[in-house]
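Sequential numbering of the sequence shown, starting at 148, is according to this note's numbering.
Worksheet for the structure shown next.
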Amino acid sequence: MPYANIDVRPLNPTLGAEIHGVDLSRELDDATVSDIRQALLDHLVIFMPDQRIDAARQLAFARRFGEVEAPHPVFDVVPEVPEVTVIAQDGSADAPYNDVWHTDVTFREKPAMASILHAQVLPHGGGGDTLWSSLHAPYEALSSGVRDMIEDMTADHDFYMSFGETVLKGPGGIEKLASDILALPPQTHPVVRTHPETGRKGLFVNRTFTKHINGLGYVERDYILRMLCEFAEHPNYQIRHTWKPYDLAMWDNRATMHIATSDFTSPRKMHRITLLGDQPYH
Numbered sequence: 148m149p150y151a152n153i154d155v156r157p158l159n160p161t162l163g164a165e166i167h168g169v170d171l172s173r174e175l176d177d178a179t180v181s182d183i184r185q186a187l188l189d190h191l192v193i194f195m196p197d198q199r200i201d202a203a204r205q206l207a208f209a210r211r212f213g214e215v216e217a218p219h220p221v222f223d224v225v226p227e228v229p230e231v232t233v234i235a236q237d238g239s240a241d242a243p244y245n246d247v248w249h250t251d252v253t254f255r256e257k258p259a260m261a262s263i264l265h266a267q268v269l270p271h272g273g274g275g276d277t278l279w280s281s282l283h284a285p286y287e288a289l290s291s292g293v294r295d296m297i298e299d300m301t302a303d304h305d306f307y308m309s310f311g312e313t314v315l316k317g318p319g320g321i322e323k324l325a326s327d328i329l330a331l332p333p334q335t336h337p338v339v340r341t342h343p344e345t346g347r348k349g350l351f352v353n354r355t356f357t358k359h360i361n362g363l364g365y366v367e368r369d370y371i372l373r374m375l376c377e378f379a380e381h382p383n384y385q386i387r388h389t390w391k392p393y394d395l396a397m398w399d400n401r402a403t404m405h406i407a408t409s410d411f412t413s414p415r416k417m418h419r420i421t422l423l424g425d426q427p428y429h
């Protein structure tokens, strides 16, 4: 569709577009914000190259699209702007890694609507790409029999699945983990989610936080969850981004999942903001 205030360049037929003609160091007018939001709905992942902004400007941009989530329960934050999460790795072999497919914070009752990631420090010699996969396209590619089977299923999503070991090894150890588990109990979400703005259906499961599908035996639930995740991770539904300095990416968490590669040996640091979402529904 045409956009009056921005230059949108699609990157593939399934998802992904570059946005040009936007300078996030300046205040955006409402019409430009509206176009960016529409581009996000149309392409699910959008990239804005060479945005030389600080954490405060990133936050100001994020707030044009909705309410910003509280600080992440595990990751560090920018001290002066705690709404901005710091995703940092030093490139060592034992560093925490993100190379498991996931949708951000599906362990929350209201998972994130969108995430905004800004490149701060990139590894020398390359590596550390991020890949996104559409969750609409694989659902639509499933046979009608499988779609009918999963249509009304629900699944539990659990904070502990991904972050339990990390919290145990960190300051406060078991006391902090106990506190986090009480504050973030498992949440039940539909396996098939309807997008609240477009009405399009998509899968809503991921390897990182989806604990199990409900109402099935152990073997069945594990097999079906694994099958859906593998199907959604197929390269046909993906886009891969090789970061350049000051790149900014924004993606729709209601319709995508993503993964960052850990193929680098020097520091990588990103600033992330997540926007508060709504209760998923079928």
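The C-beta atom is built at its ideal place from N, Cα and C for all residues, glycine as well.
Compare the Cα-Cα distances from residue i to each of the options and report the closest residue.
{"i": "Thr421", "options": "Glu214, Ile297 and Gly346", "result": "Glu214"}
{"i": "Leu331", "options": "Gly273, Gly346, Ser291 and His219", "result": "His219"}
{"i": "Glu298", "options": "Val268, Ile193, Leu375 and Ala259", "result": "Leu375"}
{"i": "His388", "options": "Val228, Met300, Ala266 and Ala151", "result": "Ala266"}
{"i": "Phe356", "options": "Val338, Gly364 and Tyr365", "result": "Val338"}
{"i": "Gly163", "options": "His249, Leu423, Trp398 and Pro427", "result": "Trp398"}
{"i": "Val221", "options": "Ser291, Phe306 and Met195", "result": "Phe306"}
{"i": "Gly274", "options": "Leu282, Leu372, Asp246 and Leu158", "result": "Asp246"}
{"i": "Asp189", "options": "Arg401, Pro427, Tyr428 and His429", "result": "Arg401"}
{"i": "Arg354", "options": "Arg294, Tyr365, Val293 and Thr253", "result": "Thr253"}
{"i": "Trp248", "options": "Pro382, His429 and Arg294", "result": "Pro382"}
{"i": "Ala151", "options": "Pro392, Asn159 and Asp177", "result": "Asp177"}
Do you know offhand how far residue i's Cα is from residue j's?
{"i": "Met296", "j": "Pro343", "result": "22 Å"}
{"i": "Arg255", "j": "Arg340", "result": "15 Å"}
{"i": "Glu174", "j": "Ala207", "result": "9 Å"}
{"i": "Arg347", "j": "Val192", "result": "16 Å"}
{"i": "Thr161", "j": "Ala284", "result": "7 Å"}
{"i": "Leu363", "j": "Ala379", "result": "21 Å"}
{"i": "Tyr286", "j": "Gln198", "result": "34 Å"}
{"i": "Leu289", "j": "Gly349", "result": "11 Å"}
{"i": "Leu423", "j": "Pro229", "result": "15 Å"}
{"i": "Pro149", "j": "Arg156", "result": "11 Å"}
{"i": "Val314", "j": "Met195", "result": "Residue placement at Val314 is poorly supported in this model, since its pLDDT is 46, which falls under 50; the coordinates still yield a value, given next. Taking the straight line from one Cα to the other gives about 33 Å."}
{"i": "Ser262", "j": "Pro333", "result": "21 Å"}
{"i": "Phe351", "j": "Leu282", "result": "7 Å"}
{"i": "Tyr428", "j": "Ala217", "result": "22 Å"}
Excluding the 5 residues flanking residue i on each side, which residues of the same chain have their C-beta closer than 8 Å to its C-beta?
{"i": "Gly238", "result": "Pro270, Phe411, Thr412, Ser413, Pro414 and Arg415"}
{"i": "Thr277", "result": "Leu264, Arg387, His388, Trp390, Ala396, His405, Ile406, Ala407 and Thr408"}
{"i": "Ile153", "result": "Ile166, His167, Gly168, Val169, Thr179, Asp182, Ile183 and Ala186"}
{"i": "Leu171", "result": "Met195, Gln198, Ile200, Arg204, Gln205, Phe208 and Leu395"}
{"i": "Asp425", "result": "Lys257, Met260 and Pro343"}
{"i": "His227", "result": "Reading off the sequence shown, one finds Glu at residue 227, where the question assumed His. Cβ within range, chain order: Ala202 and Ala203."}
Return helix, strand or coil for residue i, following the three-state DSSP convention.
{"i": "Gln205", "result": "helix"}
{"i": "Leu162", "result": "coil"}
{"i": "Met260", "result": "coil"}
{"i": "Gln198", "result": "coil"}
{"i": "Thr341", "result": "strand"}
{"i": "Ser172", "result": "coil"}
{"i": "Ile153", "result": "coil"}
{"i": "Thr179", "result": "helix"}
{"i": "Asp251", "result": "coil"}
{"i": "Gln426", "result": "coil"}
Sorted by chain position, which residues of the same chain lie with C-beta nearer than 6 Å to residue i's C-beta, five sequence neighbours on each side aside?
{"i": "Arg368", "result": "His359 and Ile360"}
{"i": "Gln385", "result": "Leu278 and Ser280"}
{"i": "Arg211", "result": "Val180"}
{"i": "Asp251", "result": "Ala259, Ser262, Asn400 and Thr421"}
Near residue i, which residues of its chain fall below 7 Å by C-beta distance, leaving aside the five closest residues on each side in sequence?
{"i": "Val225", "result": "Ala202, Val231, Val233 and His418"}
{"i": "Gly268", "result": "The sequence shown places Val at residue 268, not Gly. These residues qualify, in order along the chain: Pro414, Arg415 and Lys416."}
{"i": "Thr301", "result": "Thr335, His336, Pro337, Val338 and Asn361"}
{"i": "Asp394", "result": "Phe194, Pro196 and Ala266"}
Is there a Cβ of chain C sitting closer than 8 Å to that of residue i, yes or no?
{"i": "Pro157", "result": "In the structure shown, chain C does not exist; there is a single protein chain."}
3-residue-minimum beta strand (DSSP E) runs that sit fully inside the segment 210-246, ordered along the chain: Segments of the beta strand (DSSP E) lying fully in the segment 210-246: 223-225 and 228-236.
Runs of alpha helix (DSSP H) lying entirely within the segment 355-416, each at least 4 residues, in chain order: Taking only runs of at least 4 residues, the alpha helix (DSSP H) segments lying wholly in the segment 355-416 are 365-379.
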